[in-house]
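Engineer: Below you'll find the structure I mean.
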Amino acid sequence: MIAVPTVTRPAALASEEESGPVSPAPDELTDAELGAGLARGDPYCLALAYRRWGGLVHTLASRTIGDAREAEDVTQQVFLAAWRGRHGYRPDRGPVPAWLVGITRRRIADTLAARTRRAALVAAAGAALPPPSVAADAPDQLLDRLVITGELARLPRVQRDVLALAYFGDLTQAQIARRTGMPLGTVKSHTRRGLQRLRCRLVAGATTVPGEPAPSRWADGTEPPMGTLRASGARTLRDVREDA
């Protein structure tokens with residue numbers, strides 16, 4: 302995420318020692334003046350642009366992507382891209398909000414493409430799993446794998462995809478970030494939240510999430526298998542946690 306500065310100018314910039322005319326208060330800037338200031342590299346114009354049009358960008362992203370957290374990520378990426386590409390802004394080609402909408406559409410397209418890649422990677426990871434072993438302990442290991450897979454399916458989609466790549470694909474968080482196109486920090490947060498939910502269900506043998514009382518048995522009254530945290534040829538929850 303980018304740290305958007307406040308829009309109040311320091312007193313030093315308005316002192317008598319400042320060379321050149323004092324800029325108008327941020328709320329008094331027109332869109333054209335804001336765009337010109339942004340193109341010059343004025344961080345206060347970036348802050349004002351975020352305040353004026355951040356809601357527009359987030360709404361476009363949320364309606365198209367359908368995921369509030371991903372929409373927040375896209376919003377931050379749009380204004381970061383606007384700041385980095387500020388010298389390319391041309392007022393004669395359109396106003397600032399139209400320029401931001403164009404950046405938003407490209408970021409949305411990137412996010413949807415990354416989602417498609419994640420789904421393909423998860424499917425490929427599942428297809429690459431070796432068949433269950435015929436050893437004596439194969440039934441327990443197969444049960445563990447089925448339990449893990451079933452509980453993953455209950456998680457929100459992005460958390461499920463990230464944990465599936467880590468658990469079944471044996472990928473680190475850095476590798477997941479590179480292969481899916483998600484920022485590493487986003488991968489870490491999805492991993493942490495997903496593990497909190499998954500660990501609650503698996504370790505306690507419950508159908509609850511953090512913050513709710515966890516019974517010691519499954520919903521059908523049976524006790525969870527002792528090997529719930531294992532799966533043949535796959536990572537353990539402990540491994541994923543240590544990558545966090």
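For what it's worth, the numbering used here labels the leading residue of the sequence shown as 302, then goes sequentially. All C-beta atoms in this analysis are idealised placements derived from N, C-alpha and C, irrespective of residue type, glycine included. This one's a predicted model, so the numbers in the text were calculated from it and none came from an experiment.
#1: For Phe469, which three-state DSSP category applies?
#2: Grouping DSSP H, G and I as helix and E and B as strand, with all else coil, what is Asp393?
#3: Grouping DSSP H, G and I as helix and E and B as strand, with all else coil, what is Arg364?
#4: So, do the region 361–372 and the region 336–353 have three or more beta carbon pairs nearer to each other than 8 Å?
#5: Taking all protein chains shown into account, do 16 or more other C-beta atoms lie within 10 angstroms of the C-beta of Asp411, making it buried, or fewer, making it exposed?
#6: Under the three-state reduction of DSSP, which class applies to Arg500: helix, strand or coil?
#7: Name the two residues that bound the continuous alpha helix (DSSP H) containing Ala381.
#8: Expressed to the nearest angstrom, what Euclidean distance is found between the alpha-carbon atoms of His388 and Ala348?
#9: For a quick check, are the C-beta atoms of Val375 and Arg419 less than 8 Å apart?
Structural biologist: With the given structure in hand:
#1: coil
#2: helix
#3: helix
#4: no
#5: exposed
#6: helix
#7: Note on identity: in this sequence residue 381 is Leu, with Ala being the wrong assignment. Start and end: 369–385.
#8: 17 Å
#9: no
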